[in-house]
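One rule links them: number in the numbering used here = place in the sequence shown (from 1) + 311.
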Amino acid sequence: MTGELEGPSILATPPGHCWAGKIRTATPADIDAIVAVERSAFASPWPRSAFVSEIDGHRWSHVAVAEEGRTLVGFTVYWSVASELHLLNLAVDRAHRRRGIGRDLVAHLIAFGRNTRHTEVLLEVRVSNLTAITLYRHFGFEDLAIRPGYYADNGEDALVMSLVLSDTKSEQRSAS
Ligand SMILES: CC(C)(COP(=O)(O)OP(=O)(O)OC[C@H]1O[C@@H](n2cnc3c(N)ncnc32)[C@H](O)[C@@H]1OP(=O)(O)O)[C@@H](O)C(=O)NCCC(=O)NCCS
C-alpha cells in the first residue's frame, strides 16, 4: 500500500463516536470520491486509472466503500488470489477518522473472506504506519515477514501481515 500522509488528522467527531453509514460494493460513479480520499490519505496515491480498472476490470478485484448519507467516507480494495484475500488498499477520509470506519471496512473484507471460504488474508503495510498496524492487530493479524525496501518512493520496508481464516491453514503453518 502507498504511504500515509504526515500530519494530524482532522477529527470531525471525538474518538469513539460511532459512524452511522453502510458499506457497499463500489460502482464507477464512486471513482471521483474514492480518488479524493486516496489523495488526502497517501503521499504516493494510486492514479485514477487504477481505480477504474479495479472497479471495472478484474473479476478477482473487489472495491467496497463506506458511505454515510451521500458522502463516501472510506474505501478498501482487495483481491481474491486462489484461496487468499490480499488487502491492497484501505483509506478513510481524514475528517472521519477514529470513528470505527476503518475497522468496519476491515471487518467487511474478513467476513467476505470467511463467507467465500478463503483461508487467509494477507497485506503489506509500511513499518512506520503504526495506526494501520494497530488496526490490523486488533483483528488478530500477525507479523509474517519484512520485505526490505519494498516502497519505491522512500525505500521503506513493508511488514507483511496475515490473518488465518481457516483451521486447515493454521495447522499447516504451525506444522511448518
Ligand atoms: C488506517 C485508517 C484506515 C484507520 O481508519 P479509521 O476509520 O480512523 O480507524 P478506526 O476508527 O476504525 O480505528 C480502529 C482502531 O485502529 C486503531 N487506530 C486508528 N487510528 C489510530 C491512531 N491515530 N492511533 C493509534 N491507533 C489508531 C485503534 O486501535 C482503533 O481502535 P479504537 O478507536 O477503539 O482505539 C486511517 O487512519 C487511514 O485512512 N490512514 C491513511 C491510509 C492508511 O494508512 N491506510 C492503511 C495502509 S496499509
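The C-beta atom is built at its ideal place from N, Cα and C for all residues, glycine as well. Quick caveat, the model's predicted, so the values are computed rather than measured.
Discussion item. Following a CB-centred definition, is glycine 332 positioned closer than 7 Å to any heavy atom of ligand 1?
Written reply: Locating residue 332 in the sequence shown gives position 21, where the first residue counts as 1. Result no, Cβ not under 7 Å from ligand 1.
Worksheet item: Between threonine 442 and ligand 1, is the CB less than 7 Å from at least one heavy atom?
Response: Within the sequence shown, the letter at position 131 stands for residue 442. Threonine 442: yes, Cβ under 7 Å from ligand 1.
Worksheet item: Can you round the beta-carbon distance between isoleucine 345 and leucine 383 to whole angstroms, since I take them to be within the 8 Å contact cut?
Response: If you number the sequence shown from 1, residue 345 lands on position 34. If you number the sequence shown from 1, residue 383 lands on position 72. Sure, about 7 Å apart at Cβ, within 8 Å.
Discussion item. On the CB-based measure, 16 or more other CB atoms within 10 Å of its CB, does threonine 387 come out buried or exposed?
Written reply: Along the sequence shown, one-based indexing puts residue 387 at 76. Threonine 387 is classed as buried because its beta carbon has at least 16 other beta carbons within 10 Å across all chains shown.
Worksheet item: What's the C-alpha gap between aspartate 415 and histidine 369?
Response: Counting from 1 along the sequence shown, the entry for residue 415 is found at position 104. Counting from 1 along the sequence shown, the entry for residue 369 is found at position 58. Roughly 24 Å between the two C-alpha positions.
Item to complete: Verify whether the separation of the beta carbon atoms of histidine 373 and serine 391 is less than 8 Å.
Response: What you label residue 373 is simply residue 62 of the sequence shown in a count that begins at 1. What you label residue 391 is simply residue 80 of the sequence shown in a count that begins at 1. In this structure, serine 391 lies closer than 8 Å to histidine 373 by Cβ.
Worksheet entry | Contacts around alanine 469, its chain only, beta-carbon distance under 6 Å, and the 5 residues preceding and following it disregarded | By 1-based counting over the sequence shown, the position of residue 469 is 158. Hits under 6 Å: Glu435, Arg458, Tyr461.
Discussion item. Within 10 Å of its beta-carbon, does isoleucine 412 have 16 or more other beta-carbons around it, so buried, or fewer, so exposed?
Written reply: On the sequence shown, residue 412 is found 101 positions in, with the first residue counted as 1. Counting Cβ neighbours within 10 Å, isoleucine 412 comes out buried, since at least 16 surround it.
Discussion item. For a quick check, are the C-beta atoms of phenylalanine 362 and isoleucine 342 less than 8 Å apart?
Written reply: Indexing the sequence shown from 1 puts residue 362 at position 51. Indexing the sequence shown from 1 puts residue 342 at position 31. A contact, by the Cβ cut-off of 8 Å.
Discussion item. Whole angstroms are fine: how far does the CA of asparagine 400 sit from the CA of alanine 352?
Written reply: Residue 352 sits at position 41 when you count from the first residue of the sequence shown. Residue 400 sits at position 89 when you count from the first residue of the sequence shown. Rounded to the nearest angstrom, the two C-alpha atoms are 11 Å apart.
Fill in: Separation of tryptophan 371 from histidine 429, as counted between CA atoms
The sequence position of residue 429 within the sequence shown is 118, counting from 1. The sequence position of residue 371 within the sequence shown is 60, counting from 1. Pairing histidine 429 with tryptophan 371, the inter-Cα distance amounts to about 13 Å.
Worksheet item: Can you give the beta carbon distance from valine 376 to alanine 331, rounded, assuming they're within the 8 Å contact cut?
Response: One-based indexing of the sequence shown puts residue 376 at position 65. One-based indexing of the sequence shown puts residue 331 at position 20. So it is not a contact: roughly 15 Å between Cβ atoms.
Worksheet item: Shortest alpha-carbon distance to glutamate 467 belongs to which of Ser355, Ala406, Arg409?
Response: Your numbering for residue 467 matches position 156 in the sequence shown. The shortest CA-to-CA distance from glutamate 467 to any of Ser355, Ala406, Arg409 is the one to Ser355.
Fill in: Rounded separation between phenylalanine 450 and alanine 422 - CA only
Residue 450 sits at position 139 when you count from the first residue of the sequence shown. Residue 422 sits at position 111 when you count from the first residue of the sequence shown. Going from the Cα of phenylalanine 450 to the Cα of alanine 422 covers about 12 Å.
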